[in-house]
Amino acid sequence: MYFAEDSATHSFYYGDIEPYVGIGKILNETHPFIAVDVETISLKERIAVGIGIALSPTCGFYFQLFPTMSTIVPWHLLKDPAITKIFHNSLFDLSALREYGIDNTNIMDTNIMSRLLCHPASGLLDLSFIHKMEVHNMKDVLAEHKARTTLDLPPTITAMKCLQDCMATYKLFQELWEDSNHDYLATEMKVIPICIGMSNRGLMIDQTMRREVEDKLQAEADFYLSICEEEGFNPGSNQQVAYMLSKRGAYKVFHRLPFTDSKTNLSTNVKVLSQMDDVLAPIVLKYREYTKLNSTYIKPWGHEDRATTRFHLDAITGRPSSTDRNMQNIPGKFRKDGSEYPCNCRGILLPDNGTWTDVDWEQGEPRVLAYLSGDREMQHIFSLPKYNHDGSRNEAADVHLQVAIFMDAPRRLGKLVNLAMTYGATDQTLMEHLGMNNINRVRQLRAMWGRKFPQAMDWIDSRQEDAIRTGVARTVFGRNIRLPTQEEESIDGIRRKAIDYPCQGSMAEILIRGLIACKDLTLALQVHDELLVDGYIPEHRF
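Heads up: the sequence shown begins at 211 in our numbering, then just goes up one per residue.
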């Protein structure tokens, strides 16, 4: 392979043909496919310093974009919708290229392709056994050259890294294409420009309400802090929390003491504290909750014009997720268990057009479970109209209420049991989910749920047994999702995911098709199974 630099144009060539004067003219030839990779200053500073374009697995060009832009960047290739542009993690690269107007309607993403084909890891280096090309982790490259960002690297090193990545991406695409479900993949690719649009758009912030929410959260946090300080410990210190709760005997509820990953300190995570009977445990959780909301979202937004996030499609279930302030975790008026927050954090985000239209796949996972299992009782409940003729809610159509009535329990308990079963809860995880310490009571509730929905219970049992044998879960639309192996996770964990993955994965497929159906609307945000559209949209438009 030959590597050559043209310092006059800030560009590089890497390929199996010996470079000659004018070799760059091959970029003007017809290319139905190109592979693209972008190098940014860092993962946090997403300013593109250069772009690599591979015309094949053995021919690529790199063009510097920052601090000095190459004079010969082939923008015509990147902006042509007739050319399929292959990325490995397109959402990251395209976000870095936002200012250049790159076409994002004709994209292939080998990262998503590898996930759909059930490969255990989807990193380009992880997939070397498939593409068999030389690639390197940028962290290792930076460490080798004692560099903090790519701006500290010699341009030749950055160029070579980028070229190796885009050429390996091209080869990986060739290797994965034959085994891919092309129709399913095409649907996934349609979501990429939608996610980019929502990421770039952002949401308007009501600064007056934001300040009110900040003050309210701070007051709540201060209240719980004062209680802890009176008891002589700082709720923000995991060590002090563990010491105080241990001293009070709060860890006695556990058969085996829960430690952190280091195995040296007692764990104080949410799961552990939620199972404790000690009154200080929920106080610590409340303090943490309000402090985190304020520090992560509310206070930083005081210095920003719009609230933004970055959407991804790398979740194993296929559901879109977000980072750089995870919008999925911003609470509205109510928690999942139905209890009310002291303030509506999500309410500070306003529509530009004055009105939100909310699209919500209500009770999506339980409905998927009803479909997959063919449970007649569950399907009957979901078939009933949500409202009576007089406009009141039809209680017979409320699956959570019907389970609660059958169990002679509050609706909240019926809802928790329904959702836990949809997530494949074992007796132990069901006990944790319900916040109970009585395993016999939990087994009783599980058995009652099984009597209410016998076909669903049979389906759960059969799928969990099948999972251990096949290692694969399957969604409504026919996608296989790889389950953890017994070396990676416990049997209970595999059994849970054997139910969770088909239900959540199928709901992700439905949500993705909903995003595509709404692509011509002003989509502002996706949160779990809910879409927010900026502006009033009449019901008949859906």
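Here a beta-carbon is modelled for each residue, glycine too, at the ideal position from N, C-alpha and C.
Arg-321: buried (16+ other C-beta within 10 angstroms of its C-beta) or exposed? The sequence given here places Asn at residue 321; Arg does not occur at that position. With 16 or more other CB atoms across the displayed protein chains lying within 10 angstroms of its CB, Asn-321 is buried.
Please name the residue, chosen from Gly-260, Glu-424 and Leu-327, that lies closest to Glu-388 on a Cα-to-Cα basis. It is Leu-327 whose Cα lies nearest to the Cα of Glu-388.
So, with DSSP's three-state summary, where would you put Trp-566? Strand at Trp-566.
For Ile-404, count neighbouring C-beta atoms within 10 Å of its own C-beta (all shown protein chains included) and say buried if the count is 16 or more, exposed if not. When all chains shown are included, Ile-404 counts as buried.
Taking the C-alpha atoms as reference points, what is the distance between Arg-466 and Pro-664? When the Cα atoms are used, Arg-466 and Pro-664 turn out to be separated by approximately 34 Å.
Measure the alpha-carbon distance for Ala-607 versus Met-588 and round it to whole angstroms. Between Ala-607 and Met-588, the C-alpha separation is close to 10 Å.
Since Arg-520 contacts Thr-533 with CB under 8 Å, what's their CB separation in whole angstroms? About 5 Å; that satisfies the 8 Å criterion.
Proximity of Thr-268 and Pro-291 at Cβ, strictly below 7 Å: Not closer than 7 Å, so no.
Measuring straight from C-alpha to C-alpha, what distance separates Pro-284 and Ser-716? Rounded to whole angstroms, the gap between the alpha carbons of Pro-284 and Ser-716 is 40 Å.
Met-641 and Val-652: beta carbons closer than 7 Å? When the beta-carbon positions are compared, Met-641 and Val-652 come within less than 7 Å of each other.
Does Gly-260 get closer than 7 Å to chain C when you measure Cβ to Cβ? Here chain C cannot be found, since the structure has a single protein chain.
Beta carbon of Tyr-711, beta carbon of Thr-527: below 7 Å? With contacts defined by Cβ atoms closer than 7 Å, Tyr-711 and Thr-527 form a contacting pair.
Residue range of the beta strand (DSSP E) that includes Thr-533: Residues 531-533.
By the three-class DSSP mapping on this structure, what secondary structure does Ser-472 have? Three-state result, Ser-472: coil.
Quickly, what does DSSP pair Arg-736 with across the bridge? List them, please. One detail in the question is off: residue 736 reads as Gln in this sequence, not Arg. Per DSSP, the beta-bridge partners of Gln-736 are Leu-741.
At what residues does the alpha helix (DSSP H) containing Phe-339 begin and finish? Looking at the DSSP string, the run of the alpha helix (DSSP H) that includes Phe-339 is 338-341.
With DSSP as the reference, identify every bridge partner of Asn-690, one or two as the case may be. DSSP, once it has assigned bridges, lists Arg-684 as partnering Asn-690.
Taking only the alpha-carbon atoms, compute the straight-line gap between Thr-397 and Leu-288 and give it to the nearest angstrom. Straight-line Cα distance between these residues: approximately 21 Å.
Phe-383, buried or exposed, once every other Cβ within 10 Å from all chains shown has been counted against 16: Its Cβ being crowded by 16 or more others within 10 Å, Phe-383 is buried.
Nearest-angstrom Cβ-Cβ length linking Ala-635 and Arg-684, presumed shorter than 8 Å: In fact, because the Cβ distance is near 20 Å, the residues do not count as touching under 8 Å.
Expressed to the nearest angstrom, what Euclidean distance is found between the alpha-carbon atoms of Pro-694 and Val-578? Each residue's Cα considered, the two are about 22 Å apart.
Residue ranges of each alpha helix (DSSP H) run of no fewer than 4 residues wholly in the stretch 479-529, ordered along the chain? Secondary structure in the stretch 479-529: the alpha helix (DSSP H) runs of 4 residues or longer, each lying completely within the stretch, are 480-484 and 490-503 in chain order.
Drop a sphere of 10 angstroms on the beta-carbon of Thr-680, count the other beta-carbons inside from all chains shown, and report buried for 16 or more, exposed for fewer. Classification for Thr-680: exposed.
Is Cys-269 helix, strand or coil when you go by DSSP? In the structure shown, Cys-269 sits in a strand (DSSP, three-state: E or B).
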